[in-house]
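Below is one structure, written out as structure tokens, with a few remarks after it.
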Amino acid sequence: MRLMMILFSMIGVAMAGSGVILVLSLGYVTLWPIVGAAAAGAILALPVSWFVARQIQT
16 MRLMMILFSM
26 IGVAMAGSGV
36 ILVLSLGYVT
46 LWPIVGAAAA
56 GAILALPVSW
66 FVARQIQT
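When we follow the working numbering, the leftmost residue of the sequence shown carries the number 16, and every step to the right adds one.
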């Protein structure tokens, strides 16, 4: 669990940042699409970090 949280701090930032860059490059420059993309990236990073942590521990 601790490894997953450490990985989430890095993977979450990377995925949220990628989502924001994607939204901005598509031309959505208002607040809510940017916040939504950052939130979606952070939420999607949870299972990704869990999977990566599991692969590292085995």
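Think of the CB as a built atom: it goes at the ideal place given N, C-alpha and C, for glycine as much as any other residue.
Original post:
What is the DSSP secondary structure of Met16, counted as helix, strand or coil?
Top reply: coil
Subject >> Gly56 classed as buried or exposed, judged by whether at least 16 other C-beta atoms fall within 10 angstroms >> reply: buried
Original post:
In terms of residues, what are the limits of the alpha helix (DSSP H) holding Gly51?
Top reply: Leu46 to Gln72
**OP:** Report the rounded CA-to-CA distance for Val63 versus Gln70, giving the unit in angstroms.
**Re:** 11 Å
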